[in-house]
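Engineer: Numbering (the UniProt record's numbering), first residue to last: 1 to 348. We treat Cβ as the ideally placed atom computed from N, Cα and C, and that holds for glycine. Let me begin by handing over the structure; questions about it come next.
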């Protein structure tokens with residue numbers, strides 16, 4: 001199995017970026033940064049970081065790809081789900097419930113993405129196939145390990161002071177945020193189809209995300225003081241998060257078009273492991289035995305899924321009897337097929 005191929009290395013690297021987001025927000029929110037301001041300024045700096053990148057890219061390739069109205073529509077919807085909806089729902093849920101509930105719901109992203117991708121035909125499942133059963137089993141094991149890490153790391157599972165209504169609504173918000181991120185991964189397929197230049201699509205996505213975040217902030221936080229940034233730490237952190245956001249969008253688009261949305265989603269719980277390790281090193285957080293056991297279970301499940309997908313690729317190459325065909329092209333065609341079904345005339 002190709003553990004060290006390019007998509008795998010990229011998607012693992014992105015989990016370190018996401019872990020950095022979590023550690024920064026943990027500190028920044030504690031010293032007064034508004035979550036909606038974090039979302040707005042992160043997207044603003046992400047947009048600004050992509051302008052010179054796209055300018056240099058287009059200058060070197062003046063006949064580059066353009067984005068039509070349909071492409072802009074998909075990018076706008078992707079920004080609405082993945083940047084605006086995901087962030088605001090997650091932070092609102094954590095505020096109502098707890099970060100523990102938020103972490104547990106986020107770790108359900110692989111399972112949610114697996115179900116959506118299978119329903120749309122983006123992930124091929126044959127219950128008579130051993131590799132398909134391996135992918136299903138691996139997904140369940142991976143999610144189980146992630147939930148163990150999140151929920152079973154302390155003596156107290158829920159705070160007694162937390163109202164049941166707040167816990168319920170907070171859980172629903174966090175779950176909705178996880179669904180938004182899964183849908184965002186799925187939407188990378190049509191976005192890549194209508195805008196193959198992932199740097200250009202990232203610029204537009206960040207721009208739309210900035211506008212959407214501004215609208216949400218203006219509706220919820222009407223005081224001008226909420227927009228002020230008082231700390232150099234917060235300003236520098238937001239700039240780094242903006243650049244990291246652009247890198248993560250480009251990286252996710254690359255991995256989804258080459259391995260599919262389920263592949264990208266399966267690595268998401270790895271962020272939990274990285275956060276636990278980094279928090280123990282830099283923030284002196286405690287590490288619980290359950291966290292270590294959960295990490296082992298999660299990595300075992302991830303290994304099983306990657307093995308199953310590796311076998312799928314090998315079987316696909318053998319069945320089409322074209323050993324020299326580019327793997328990227330094959331996967332992209334398979335991914336785009338459900339979105340192109342409207343071109344086929346319905347059977348009489």
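Smallest Cα separation from residue 310: which of 124, 223, 204?
Structural biologist: One-based indexing of the chain shown puts residue 310 at position 310. Here the closest residue by C-alpha is 124.
Engineer: Under 8 Å, do residue 36 and residue 88 count as touching if we go by C-beta distance?
Structural biologist: Numbered from 1 along the chain shown, position 36 holds the residue referred to as residue 36. Numbered from 1 along the chain shown, position 88 holds the residue referred to as residue 88. Cβ atoms of residue 36 and residue 88: closer than 8 Å.
Engineer: CB residue 255 to CB residue 10, shorter than 8 Å?
Structural biologist: In the chain shown, counting from the first residue as 1, residue 255 sits at position 255. In the chain shown, counting from the first residue as 1, residue 10 sits at position 10. Closer than 8 Å, so yes.
Engineer: Kindly indicate which three-state DSSP category residue 263 falls into: helix, strand or coil?
Structural biologist: The residue you call residue 263 lines up with position 263 of the chain shown. In this structure, residue 263 counts as helix in the three-state DSSP scheme.
Engineer: Cutting at 6 Å between CB atoms, please list the residues of its own chain near residue 17, excluding the five before and the five after it.
Structural biologist: The sequence position of residue 17 within the chain shown is 17, counting from 1. Cβ within range, chain order: 244, 248.
Engineer: Does the structure place the segment 43-59 close enough to the segment 133-143 that three or more beta carbon pairs sit under 8 Å?
Structural biologist: Contact between the segment 133-143 and the segment 43-59 is absent, because fewer than three Cβ pairs lie under 8 Å.
Engineer: Taking the CB atoms as reference points, tell me whether residue 84 and residue 275 lie closer together than 8 Å.
Structural biologist: Counted from its first residue, the chain shown places residue 84 at position 84. Counted from its first residue, the chain shown places residue 275 at position 275. Taking 8 Å as the Cβ cut-off, residue 84 and residue 275 do not qualify as a contacting pair.
Engineer: Thinking residue 221 and residue 34 are a contact (beta carbons under 8 Å), I'd like their distance in whole angstroms, please.
Structural biologist: Along the chain shown, read from residue 1 onward, the residue named residue 221 stands at position 221. Along the chain shown, read from residue 1 onward, the residue named residue 34 stands at position 34. That belief holds up - the Cβ atoms of residue 221 and residue 34 are roughly 6 Å apart, short of 8 Å.
Engineer: Go ahead and pull the three-state DSSP assignment for residue 195.
Structural biologist: Sequence index remark: in the chain shown, residue 195 carries index 195 (1-based). Three-state DSSP puts residue 195 in coil, outside helix and strand.
Engineer: Just checking my contact of residue 260 with residue 122 at CB under 8 Å: how many whole Å lie between their CB atoms?
Structural biologist: Taking the chain shown and counting its residues from 1, one reaches residue 260 at position 260. Taking the chain shown and counting its residues from 1, one reaches residue 122 at position 122. Between residue 122 and residue 260 the Cβ distance is about 6 Å, and since that is below 8 Å, they are a contact.
Engineer: What residue range does the alpha helix (DSSP H) around residue 359 cover?
Structural biologist: No answer is possible for residue 359: the residues shown for the chain start at 1 and end at 348.
Engineer: Decide if the segment 265-272 is in contact with the segment 227-243; the criterion is three or more beta carbon pairs, one per stretch, under 8 Å apart.
Structural biologist: no
Engineer: Consult DSSP for residue 269 and reduce its assignment to one of helix, strand or coil.
Structural biologist: Along the chain shown, read from residue 1 onward, the residue named residue 269 stands at position 269. Residue 269: coil per DSSP, three-state reduction.
Engineer: Comparing C-alpha positions only, which one of 42, 169, 68 sits nearest to residue 94?
Structural biologist: Within the chain shown, numbered from 1, the residue matching residue 94 stands at position 94. The shortest Cα separation from residue 94 among 42, 169, 68 belongs to 169.
Engineer: Determine, using beta carbons only, whether residue 180 and residue 82 come nearer to each other than 8 Å.
Structural biologist: Taking the chain shown and counting its residues from 1, one reaches residue 180 at position 180. Taking the chain shown and counting its residues from 1, one reaches residue 82 at position 82. The Cβ atoms of residue 180 and residue 82 lie closer than 8 Å to each other.
Engineer: Report yes if the C-beta distance between residue 185 and residue 111 is below 8 Å; otherwise report no.
Structural biologist: As a first step, residue 185 is located in the chain shown; it is residue number 185 there, counting from the start. As a first step, residue 111 is located in the chain shown; it is residue number 111 there, counting from the start. No.
Engineer: Run through DSSP, which three-state label would residue 39 get?
Structural biologist: Counted from its first residue, the chain shown places residue 39 at position 39. In the structure shown, residue 39 sits in a helix (DSSP, three-state: H, G or I).
Engineer: Using only the alpha-carbon positions, how far apart do residue 292 and residue 298 sit?
Structural biologist: As a working note, residue 292 is residue 292 in the chain shown. As a working note, residue 298 is residue 298 in the chain shown. So the two alpha carbons sit approximately 10 Å from each other.
Engineer: Using a threshold of 8 Å, state whether the C-beta atoms of residue 213 and residue 40 are closer than that.
Structural biologist: What you label residue 213 is simply residue 213 of the chain shown in a count that begins at 1. What you label residue 40 is simply residue 40 of the chain shown in a count that begins at 1. Here residue 213 is near residue 40, since their CB atoms are less than 8 Å apart.
Engineer: Tell me whether residue 13 is buried or exposed, calling it buried when 16 or more other Cβ atoms sit within 10 Å of its Cβ.
Structural biologist: The sequence position of residue 13 within the chain shown is 13, counting from 1. By the beta-carbon neighbour count (other beta carbons within 10 angstroms, threshold 16), residue 13 is exposed.
Engineer: Ignore the nearest five residues each way along the sequence and tell me which others in residue 70's own chain have a CB closer than 7 Å to its CB.
Structural biologist: As a working note, residue 70 is residue 70 in the chain shown. Counting only Cβ-Cβ distances below 7 Å, and skipping sequence neighbours, we find 194.
Engineer: For residue 171, which three-state DSSP category applies?
Structural biologist: For the purposes of this step, residue 171 is taken as residue 171 along the chain shown, with counting starting at 1. Helix at residue 171.
Engineer: Going straight from the alpha carbon of residue 120 to that of residue 229, what length do you get?
Structural biologist: By 1-based counting over the chain shown, the position of residue 120 is 120. By 1-based counting over the chain shown, the position of residue 229 is 229. For residue 120 and residue 229, the distance between alpha carbons rounds to 43 Å.
Engineer: Using C-beta distances below 7 Å, list every residue in its chain close to residue 79, excluding the 5 sequence neighbours before and after it, in chain order.
Structural biologist: For the purposes of this step, residue 79 is taken as residue 79 along the chain shown, with counting starting at 1. The residues are 205, 208, 209, 212.
Engineer: What is the C-beta distance between residue 246 and residue 66, in whole angstroms, given that I count them as a contact (C-beta under 8 Å)?
Structural biologist: Locating residue 246 in the chain shown gives position 246, counting from the first residue. Locating residue 66 in the chain shown gives position 66, counting from the first residue. Going by Cβ atoms, the distance from residue 246 to residue 66 rounds to 20 Å, so no, they are not a contact pair.
Engineer: Can you check the UniProt domain "EamA" (9-148) for any alpha helix (DSSP H) of at least 4 residues that lies completely inside it and give the ranges in chain order?
Structural biologist: 35-60, 69-79, 86-96, 99-106, 109-120
Engineer: Please state whether the Cβ-Cβ distance between residue 47 and residue 203 is less than 8 Å.
Structural biologist: Here residue 47 is taken as the residue at index 47 of the chain shown, counted from 1. Here residue 203 is taken as the residue at index 203 of the chain shown, counted from 1. Yes, Cβ-Cβ distance for residue 47 and residue 203 is below 8 Å.
Engineer: To the nearest angstrom, report how far apart residue 277 and residue 224 are at their CA atoms.
Structural biologist: Working through the chain shown from its first residue, we reach residue 277 at position 277. Working through the chain shown from its first residue, we reach residue 224 at position 224. Going from the Cα of residue 277 to the Cα of residue 224 covers about 38 Å.
Engineer: Take residue 283 as the anchor and find which of 8, 7, 20 has the nearest alpha-carbon.
Structural biologist: Stepping through the chain shown from its first residue, residue 283 is reached at position 283. The shortest Cα separation from residue 283 among 8, 7, 20 belongs to 20.
Engineer: Please say whether residue 148 and residue 294 have beta carbons closer to each other than 8 Å?
Structural biologist: Start at 1 with the first residue of the chain shown, and residue 294 comes out as number 294. Start at 1 with the first residue of the chain shown, and residue 148 comes out as number 148. In this structure, residue 148 lies closer than 8 Å to residue 294 by Cβ.
Engineer: Does the beta-carbon distance from residue 117 to residue 262 come in below 8 Å?
Structural biologist: Numbered from its first residue, the chain shown carries residue 117 at position 117. Numbered from its first residue, the chain shown carries residue 262 at position 262. Yes, they are a contact pair.
Engineer: Helix, strand or coil, according to DSSP, for residue 288 in the structure here?
Structural biologist: Residue numbering aside, residue 288 sits at position 288 when the chain shown is read from its first letter. Three-state result, residue 288: coil.
Engineer: Assuming residue 231 and residue 31 are in contact, meaning their beta carbons sit under 8 Å apart, how far apart are those beta carbons, in whole angstroms?
Structural biologist: As a working mapping, residue 231 is identified with position 231 in the chain shown. As a working mapping, residue 31 is identified with position 31 in the chain shown. Correct: roughly 6 Å between the Cβ atoms.
Engineer: Please look up how many angstroms separate the CB atoms of residue 239 and residue 45, rounded, as I've assumed it's under 8 Å.
Structural biologist: Locating residue 239 in the chain shown gives position 239, counting from the first residue. Locating residue 45 in the chain shown gives position 45, counting from the first residue. Contact holds; Cβ gap of about 5 Å.
Engineer: Between the alpha carbons of residue 6 and residue 15, how many angstroms are there, rounded?
Structural biologist: One-based indexing of the chain shown puts residue 6 at position 6. One-based indexing of the chain shown puts residue 15 at position 15. Cα-Cα distance, rounded: 15 Å.
Engineer: Any idea if residue 59 is buried or exposed, counting beta-carbon neighbours within 10 angstroms, 16 or more meaning buried?
Structural biologist: Locating residue 59 in the chain shown gives position 59, counting from the first residue. It counts as exposed.
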